[in-house]
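Going left to right, the sequence shown walks through residues 398 to 789 as the working numbering numbers them. Ideal placement from N, C-alpha and C gives every residue a C-beta, glycine not left out.
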Amino acid sequence: MFEQTVETSATPHITVTDCQGNLVVRGSEERQITLHVQGGADDVVLEREGETFTLVARADCLLTCPPATTLTVGGVRGNLKVKGVEGPVAIGTVHGNVNLRTVGPTALEQAFGNLSVRQVAGDLRTQTTRGNAQIHQVEGSLSLSLVGGNLATKGLQGGLAAEQVQGNVRLGPPFSPGLTYRLSANGNLTVRLPADASLRLALRAGGRVGSRVSDLVLEKANGETRGILGAGDASLEAQVGGRVSLQPLEPGKGPAEGLPLEFVADLEGLGAQIEAGIAEAMAEVEARLEESLGRIDDQGLRQQVERATEQALRKAEQAAERARRKAEREAERARLRAERAERRWQRASGQRPRPRQEPATDEERMQVLRLVEEGKVTPEQAADLLAALEGR
């Protein structure tokens with residue numbers, strides 16, 4: 398491993414032209430730039446002109462820099478993680494996953510993997526994300542041109558403009574007054590609404606638009622479903638190919654037993670959250686191990702540590718996959734329990750179940766059968782789920 402440290406100011410400008418492995422960039426209170434490259438001196442080129450630095454890395458690279466650094470990343474062949482860099486961040490093409498934590502205003506051109514974001518002090522703008530996107534706590538506006546998978550967001554303080562999401566969308570509060578949250582998706586949309594929401598809704602859906610929010614009255618005209626909560630200070634405009642589900646943020650008093658359906662909805666993304674959390678922890682471990690390996694002088698001992706590290710990381714990846722699958726199974730079981738509990742509560746209270754606006758589709762029935770085939774639900778649970786789909 399090659400290590401290099403360069404003294405700098407509190408506000409350098411760093412451009413990573415190309416990294417042919419994984420790249421980790423971390424903010425540090427030290428007024429210096431430190432490189433740890435998985436390779437030798439020939440695997441890295443660092444050039445300096447005043448407080449502007451240009452870096453090319455031909456192997457995995459860990460870069461620490463002052464928090465106020467202006468960071469530009471041209472291309473990364475592997476995964477990219479940026480944490481604690483509060484200056485402007487501009488990212489070109491990343492062939493793996495992108496993980497952003499506590500960063501400044503950020504622009505991303507293209508990620509071939511998943512995008513995971515938490516805490517952006519400013520705007521976040523992305524052009525293309527081929528995988529899933531999970532984005533929490535953006536102080537500025539969020540602009541997404543294309544998300545190839547699913548999108549899960551909450552804590553968007555500056556509005557949303559999602560032009561094309563090819564999967565499902567989950568949208569949580571806040572809905573800031575005077576701002577618009579606009580999205581287009583091929584799949585389903587789930588919206589979590591707090592009790593004090595002040596929101597105007599305009600929804601176009603290929604499937605059913607359903608609401609569990611007691612104070613919300615929906616009206617449909619000319620193919621569009623509209624509704625107003627409170628004074629309607631914010632605006633939600635959505636066009637989706639699937640269904641729309643509007644759910645209260647706090648658990649209601651519906652089912653007398655079992656799990657509230659809004660809590661069950663949170664479980665749907667639990668597998669992805671577990672996977673993303675473990676991936677983030679593994680990236681942190683890798684970075685620290687790389688830093689520690691640089692202090693080992695004995696080549697034989699270093700190779701032993703590297704082999705042991707690779708084995709440990711493989712086991713961690715396998716554990717992450719097992720945890721994700723288990724979470725998916727638990728979410729499915731919880732959903733079935735909640736639906737059965739709601740039907741029992743409706744019968745006991747004398748309420749008639751709300752009929753579906755259209756019958757279950759062949760695709761929905763096939764999905765249930767696939768769950769049985771994959772062993773995720775029992776035949777009895779499948780029968781209950783089919784009954785729920787038919788509104789019985």
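Mind checking which residues open and close the beta strand (DSSP E) that includes residue i?
i	result
N419	Run containing N419: none; DSSP gives neither H nor E here.
L452	T449 to A454
L505	T503 to A508
A592	Premise fails: A592 is in no beta strand (DSSP E) and is neither H nor E.
G484	Counting along the chain, G484 falls outside any beta strand (DSSP E), and DSSP gives it neither H nor E.
P645	V641 to P645
A530	A530 to V535
F399	F399 to E404
V610	V610 -> no beta strand (DSSP E), and no H or E assigned at all.
G566	The sequence shown places Val at residue 566, rather than the Gly named in the question. From DSSP, the beta strand (DSSP E) with V566 extends over V566 to L568.
L576	Here L576 belongs to no beta strand (DSSP E), and DSSP marks it neither H nor E.
C469	A quick correction: the sequence has Thr, not Cys, at residue 469. First-last of the beta strand (DSSP E) with T469: T467 to V473.
R428	Counting along the chain, R428 falls outside any beta strand (DSSP E), and DSSP gives it neither H nor E.
T550	L548 to L553
T461	C458 to C462
With a Cβ-Cβ cutoff of 8 Å, do residue i and residue j count as a contact?
i	j	result
G584	G564	yes
Y578	A508	no
L543	Q531	no
K480	G537	no
R498	R515	yes
T622	L600	yes
M398	Q429	no
L512	V535	no
R562	L633	As written in the sequence, residue 562 is Val, which differs from the Arg given in the question. The answer is no: Cβ separation not under 8 Å.
L586	A635	yes
L468	H433	no
L541	E560	yes
Looking at the strands, I want to know which residues DSSP matches up with residue i.
i	result
N496	K478 and S513
L541	T523 and A559
L598	G624 and L633
E616	R623
R445	F450
T587	R567 and S642
T490	G472 and Q507
V413	L452 and V470
V434	F399 and C458
Do you know whose CA, among the options, lies nearest residue i's CA?
i	options	result
G552	G546, F509 and L590	L590
R790	L521, L541, A518 and G545	Not covered by the structure: residue 790. The range shown for the chain is 398 to 789.
S611	A592, E621, R597 and T405	A592
V422	R567, E483, T405 and A438	E483
G471	K617, T490 and L613	T490
E404	L459, T499, E616 and E427	E427
E400	V413, D439 and T412	D439
G493	R609, L420 and P645	L420
S581	A558, S595 and P574	A558
L646	L600, G624, Q764 and A594	A594
G447	N476, I411, G629 and L460	I411
G620	T402, G604 and G418	G604
D457	T449, K478, F450 and T451	K478
G510	N476, L521, L539 and Q534	N476
P570	A549, L443 and E560	A549
R455	L443, A628 and T461	L443
T431	V562, T402 and L468	T402
G575	G418, A628 and G437	A628
A602	S573, G639, C416 and I488	G639
H533	L766, E771, L568 and G437	L568
Between residue i and residue j, how many whole angstroms is the CB-CB distance? I'm expecting something under 8 Å.
i	j	result
A518	A465	Rounded, the Cβ-Cβ distance is 11 Å, inconsistent with contact.
P463	P502	17 Å between Cβ atoms; not a contact.
V486	V500	5 Å
T414	V453	5 Å
G624	V637	At roughly 15 Å, the Cβ-Cβ gap does not stay under 8 Å, so G624 and V637 are not in contact.
V606	V566	Incorrect: roughly 14 Å between the Cβ atoms, too far for contact.
Q644	R609	5 Å
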